[in-house]
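A.B. asks: Sequential numbering of the sequence shown, starting at 2, is according to our numbering.
C-beta: ideal position from N, C-alpha, C; glycine also.
Got a structure here, written out as structure tokens. Questions coming.
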Amino acid sequence: MNLKEIKKEISEATKKDFFVNLEIQVSVPKTGINRKLTGVSAFYDYLENQIKGFQSLEGDLPNEFKDSLKLFEDLKKRVVSFINSYKSSTNEPGFKSGWTDQVGRFFSNSQIIFEFDAPNTDFLLEIFRSKKQYYSGAVNYLTGNISPGGIQDRNYLNGVILAYEYFQKGETEIKKRRDNEKSSLSRFRNHIDEYISKSEGDFISHSGDLKKKTDDTIDEIIKYKESKTKEYEDWFGKTSKSFSEFDASSHEKITYLENLYHEKLKLEAPAQYWNKRAKSLKTEGRWWLVGLILSIIAGVGIFIYALQLLSDGTLKDIFDDTATAVKWSVIFITLVSFLAFLIKTLSKMTFSTFHLSRDAEEREQLTYVFLAMQKEKAIDPTERHLIMQSLFSRADTGLLKDEGSPTMPGNIFDKVIASGK
């Protein structure tokens, strides 16, 4: 749990003043530690700084430093456990007693605890890394645990002397100035600790007030939301009926337009078909007309040629011989019958094609008339059935009825025999 989360837990406590105003004395005379902190969060911040400081030291560390780091980590866990246990407490004596039992009693005068940023720590760390054989004597001198038997050991004695010189170096004015600076630095550090503790308390107090204001604002927002929700529901209830009516009429109109559109899609292709067929039949009729004109011209030419044969006596010479006369008579009659049949057929095809073209144009126009009547709802089912029957009924070929003229050249003999009877 980080410092921010600790502050949040304290701000939500029943009696947050217990946590904010708690005075915590950190005193270890053997190593020169003497701090006075106000507020649990300030003490937690102190522990975090010591833990991070020791963890940032590179290389191997003396056992005393490792024990100090372990103690700070254990105290950090105990502070978290204490907050969770007493955040709902309303009994101040019980609160302070619980703090002493769970956290405060772990600082005693007999302990050897170092701070990572203390001058003693730097001195001992330098001895440990550069002159490790002297470390035992130096640390015992600093903590006041000099072993009488250890003095006989040369390395131990050198360590004691190094520590002695560290503290006694520069007597008279230099020492006094050093002591004054040390005292001033200690007062400055205590002032900083007091300022941090006060800041922590102010922050927690303000955060609690801010939480209350936030809760009040949330309540106002909820009330405003409920009022607006009610207004919206009233407005929605008033407009839902008119909207439902509008939706029903719109749906009905859309359905009608969809049906009309479907009718248009059904008849659009036939209308296009009739338009294309009318144009195609007109073109086809013109070709039949051209063939008819050419056939008539050919018949007239043959007739003129026959008159020329009569005038110059050629036919007279042919008919003088009976066998030749019969042969050429049959050929001439066949040719005349074929021309008559061709002219009749071409005339029927010409008029039939133009008739079908006109019929296609009328069907196309009838399609558009039907769509217009359908849009205006001016047509009943019976009329619709008749119009659809007219549009899609089978068209007549347009050929003229048989009026008794021969349809094939060979039928001329049937006509001759019938007239003879």
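(1) Leaving out five residues on either side along the sequence, give the residues of the same chain with a beta carbon under 8 Å from the beta carbon of Lys177.
(2) Counting pairs of Cβ atoms below 8 Å between the region 41 to 61 and the region 18 to 29, do you hit three or more?
(3) Find out if the Cβ-Cβ distance for the pair Asp156, Gly145 is shorter than 8 Å.
(4) My guess is that Leu4 and Glu49 are in contact by the Cβ rule of under 8 Å, so how many angstroms apart are they, rounded?
(5) Does DSSP put Glu24 in a helix, a strand or coil?
(6) With DSSP as the reference, label Asn50 as helix, strand or coil.
(7) What does the alpha-carbon distance come out to for the pair Gly436 and Lys31?
(8) So the beta strand (DSSP E) Ile34 belongs to, where does it begin and stop?
(9) Could you check which residue in Phe55, Arg79 and Gly95 has the C-alpha nearest to that of Phe19?
(10) For Val104, which three-state DSSP category applies?
(11) Would you check if the distance between the CB atom of Glu285 and the CB atom of Thr354 is smaller than 8 Å?
(12) Using 8 Å for Cβ pairs, my map puts Leu62 next to Ile114. What's the rounded Cβ distance?
(13) Inspect the CB distances between the region 289 to 296 and the region 335 to 350 and report whether three or more fall short of 8 Å.
(14) Provide the residue(s) that pair with Val161 in DSSP beta bridges, ordered along the chain.
(15) Quick one: give me the first and last residue of the alpha helix (DSSP H) that Asn141 is part of.
(16) With a cut-off of 8 Å, do at least 3 Cβ pairs link the region 124 to 144 to the region 97 to 107?
(17) Can you name the start and end residues of the alpha helix (DSSP H) that Glu74 belongs to?
(18) Compute the distance between the beta-carbons of Tyr142 and Ala119, then report whether it is under 8 Å.
(19) Please report the straight-line C-alpha distance between Leu290 and Ser338, rounded to a whole angstrom.
(20) Tell me, which residues are paired with Val488 by DSSP?
(21) Shortest alpha-carbon distance to Phe352 belongs to which of Val81, Gly292 and Val327?
(22) Hey, out of Asn159, Val161 and Ala272, whose CA is closest to Glu362's CA?
(23) So, for Phe129: in the same chain, excluding its five sequence neighbours on each side, which residues have a beta-carbon less than 7 Å away from its beta-carbon?
(24) Alpha carbon to alpha carbon, how far is Pro407 from Leu343?
(25) My guess is that Ile303 and Leu357 are in contact by the Cβ rule of under 8 Å, so how many angstroms apart are they, rounded?
(26) If you reduce the DSSP assignment to three classes, tell me which class Glu13 lands in.
(27) Lys231 to Leu367, Cα distance in whole Å?
(28) For Gln366, which of helix, strand or coil comes out of DSSP?
(29) Can you have a look at Phe449 and say buried or exposed, based on whether 16 or more other CB atoms are within 10 angstroms of its CB?
(30) Find out if the Cβ-Cβ distance for the pair Ile52, Glu116 is shorter than 8 Å.
(31) My understanding is that Thr15 touches Ser90, with C-beta atoms under 8 Å, so please give their C-beta distance in whole angstroms.
(32) By Cβ distance below 7 Å, which residues in the same chain neighbour Glu10 in space, the five residues on each side in sequence not counted?
(33) In whole angstroms, what separates the C-alpha of Thr122 from that of Glu13?
(34) Note down, one range per segment and in chain order, each beta strand (DSSP E) of at least 3 residues found wholly within the region 336 to 366.
C.D. replies: So, from the listed chains and residues:
(1) Any answer about Lys177 is weak, because its pLDDT of 46 lies below 50 and its placement is not dependable; what the coordinates show is given next. Around Lys177: no qualifying Cβ.
(2) yes
(3) According to the sequence shown, residue 156 is Asn rather than Asp. Cβ atoms of Asn156 and Gly145: not closer than 8 Å.
(4) 6 Å
(5) strand
(6) helix
(7) Here the chain covers residues 2 to 422 and nothing more, so residue 436 does not appear.
(8) Ile34 to Thr39
(9) Gly95
(10) coil
(11) yes
(12) About 14 Å separates the two Cβ atoms, so there is no contact after all.
(13) Contact between the region 289 to 296 and the region 335 to 350 is present, because at least three Cβ pairs lie under 8 Å.
(14) Beta-bridge pairing links Val161 to no other residue.
(15) Tyr136 to Thr144
(16) Contact fails: fewer than three Cβ-Cβ distances are below 8 Å.
(17) For Glu74, the enclosing alpha helix (DSSP H) covers residues Asn64 to Tyr87.
(18) Contact flag unset, no.
(19) Those two C-alpha atoms are separated by around 20 Å.
(20) With the chain represented from 2 up to 422, any question about residue 488 goes unanswered, as that position is not in the structure.
(21) Gly292
(22) Ala272
(23) Pro63 and Tyr136
(24) Because the pLDDT at Pro407 is just 38, under 50, the model does not fix this residue reliably, and the point stays unresolved.
(25) Rounded, the Cβ-Cβ distance is 32 Å, inconsistent with contact.
(26) coil
(27) 59 Å
(28) helix
(29) Because the chain here runs from 2 to 422, residue 449 falls outside it and cannot be looked at.
(30) no
(31) 7 Å
(32) Ile84 and Lys88
(33) Taking the straight line joining both Cα atoms gives about 38 Å.
(34) none
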